[in-house]
Amino acid sequence: MSARPLQGTVAGRDGATLPAGSVPVTVIIAARNEAGDIGDCVRSVSWAREVLVVENDSTDGTIDEARAAGATVFRHPFTTIGAQRNAAIERATQPWILVVDADERGTPALGAEVARLVTSPPAASSGAPRAYRAPRRNFFFGREIRHGGWERDRPVRLFEAALRYDERPVHEHVIVEGTPATLGEPLLHTPYATLDEYFEKLGRYSRSWAEQHFARGRRAGLADLLVRPVGRVVSMLLLRGGWRDGMHGVVLAALAGMSVAAKYAQLWALARRGADRVGGPPQKTR
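Numbering (my numbering), first residue to last: 3 to 288.
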């Protein structure tokens, strides 16, 4: 899903104009090999005063595309997504941060809402930095997914620049004191352009998840590999109404079950490699 390039002024939903670069917020985008998405992503948030792209060893033109769209680009060695975002926050010049992924798009209405929030004092303040969740409208192969749990997708994305991410390998989050509020306007999110892209991301995610949990002493059992994947499919498809999204919902539920199986298989493999090192070469089996 592509956003129109935004130039000059940006119109909010109420018809008011929002000059490009007028909102005192730094948009942060962590990217690697996102040449097909990064330009449209940067242009979709052109109302931000600053757009920073933190990248690591892109080889497909990501840097040139981001700069051509108006972003400032810098390189940072990759350890985790949280660490990438924290490195960008350290460079930010604006008092507020909006985190956007390359496969997401901002909208004029979102820009207008962010402008109101970041320029208005809070009605009541505890003194802690403020943060907001951003609802996401998720699209999968041309269809918006409204069920199966995806409709609850509201990560913390807008926050004051004093806050930071934790730096765990997966499921990173902003460390917030108290309960974040929620924005009214969504980000538009198209996470997988192809199934090949899904499986590529699944491989990276399942390995990182398994390494993190293996280090904590967790191991995979038979129920993890047989029961949990089926449970995820049933939960998404039936309990959370994924069937209402038609075949798109069915495919997503099936992929989610595969994701659960993959991460526990990776966890099993880590333990197996450790056992093989202790017990000698594994015996061949038919």
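Built from N, CA and C at the ideal position, the CB exists for glycine as well.
Note the first and the last residue of the continuous alpha helix (DSSP H) segment covering residue i.
{"i": "Trp211", "result": "Leu197 to Ala217"}
{"i": "Ile65", "result": "Thr64 to Ala71"}
{"i": "Ile147", "result": "That residue, Ile147, is in no alpha helix (DSSP H); its beta strand (DSSP E) goes Arg145 to Ile147."}
{"i": "Glu162", "result": "Careful: Glu162 lies outside any alpha helix (DSSP H), inside the beta strand (DSSP E) at Val158 to Glu162."}
{"i": "Arg87", "result": "Ile83 to Arg93"}
{"i": "Arg154", "result": "From DSSP, Arg154 is part of no alpha helix (DSSP H); its letter is neither H nor E."}
{"i": "Pro182", "result": "No alpha helix (DSSP H) holds Pro182; DSSP gives it neither H nor E."}
{"i": "Arg230", "result": "Leu224 to Val236"}
Taking the beta strand (DSSP E) that residue i belongs to, which residues open and close that run?
{"i": "Glu57", "result": "Ala50 to Glu57"}
{"i": "Leu100", "result": "Trp98 to Val101"}
{"i": "Arg139", "result": "Arg138 to Phe142"}
{"i": "Leu189", "result": "Leu189 to His191"}
{"i": "Arg135", "result": "Ala133 to Arg135"}
Mind reading off the beta-carbon distance from residue i to residue j? Whole number of angstroms is fine, and I expect it under 8 angstroms.
{"i": "Val158", "j": "Val178", "result": "6 angstroms"}
{"i": "Asp155", "j": "Gly84", "result": "Between Gly84 and Asp155 the Cβ distance is about 18 angstroms, and since that is not below 8 angstroms, they are no contact."}
{"i": "Gly72", "j": "Ser48", "result": "6 angstroms"}
{"i": "Ala111", "j": "Thr28", "result": "Going by Cβ atoms, the distance from Ala111 to Thr28 rounds to 20 angstroms, so no, they are not a contact pair."}
{"i": "Pro137", "j": "Leu185", "result": "7 angstroms"}
{"i": "Val25", "j": "Arg51", "result": "6 angstroms"}
{"i": "Phe216", "j": "Ala273", "result": "7 angstroms"}
With 16 as the cutoff for other CB atoms within 10 Å, does residue i come out buried or exposed?
{"i": "Arg275", "result": "exposed"}
{"i": "Asp198", "result": "exposed"}
{"i": "Glu57", "result": "buried"}
{"i": "Gly144", "result": "exposed"}
{"i": "Ala195", "result": "exposed"}
{"i": "Phe76", "result": "exposed"}
{"i": "Asp59", "result": "exposed"}
{"i": "Ser261", "result": "buried"}
{"i": "Arg132", "result": "buried"}
{"i": "Gly180", "result": "exposed"}
{"i": "Arg139", "result": "buried"}
{"i": "Gly259", "result": "buried"}
Classify residue i as helix, strand or coil using the three-state DSSP reduction.
{"i": "Asn35", "result": "coil"}
{"i": "Leu272", "result": "helix"}
{"i": "Glu115", "result": "helix"}
{"i": "Glu169", "result": "coil"}
{"i": "Ala267", "result": "helix"}
{"i": "His78", "result": "coil"}
{"i": "Val29", "result": "strand"}
{"i": "Val47", "result": "coil"}
{"i": "Pro110", "result": "helix"}
{"i": "Val178", "result": "coil"}
Would the beta-carbon of residue i be found less than 8 angstroms away from any heavy atom of the ligand ZN?
{"i": "Arg77", "result": "The ligand ZN is not among the ligands present in this structure, which contains no ligands whatsoever."}
**OP:** Decide yes or no for the touch test of the region 62-69 against the region 37-51: beta carbon pairs closer than 8 angstroms, at least 3 of them.
**Re:** yes
Subject >> Segment contact, 8 angstroms Cβ cut-off, at least three pairs: the region 101-109 with the region 179-194 >> reply: yes
Original post:
Is the region 224-233 touching the region 88-103, taking contact as three or more C-beta pairs under 8 angstroms?
Top reply: no
Original post:
Three or more beta-carbon pairs under 8 angstroms between the region 229-242 and the region 250-260, yes or no?
Top reply: yes
Subject >> Touching by the beta-carbon criterion (3+ pairs, under 8 angstroms), the region 198-215 and the region 257-277 >> reply: yes
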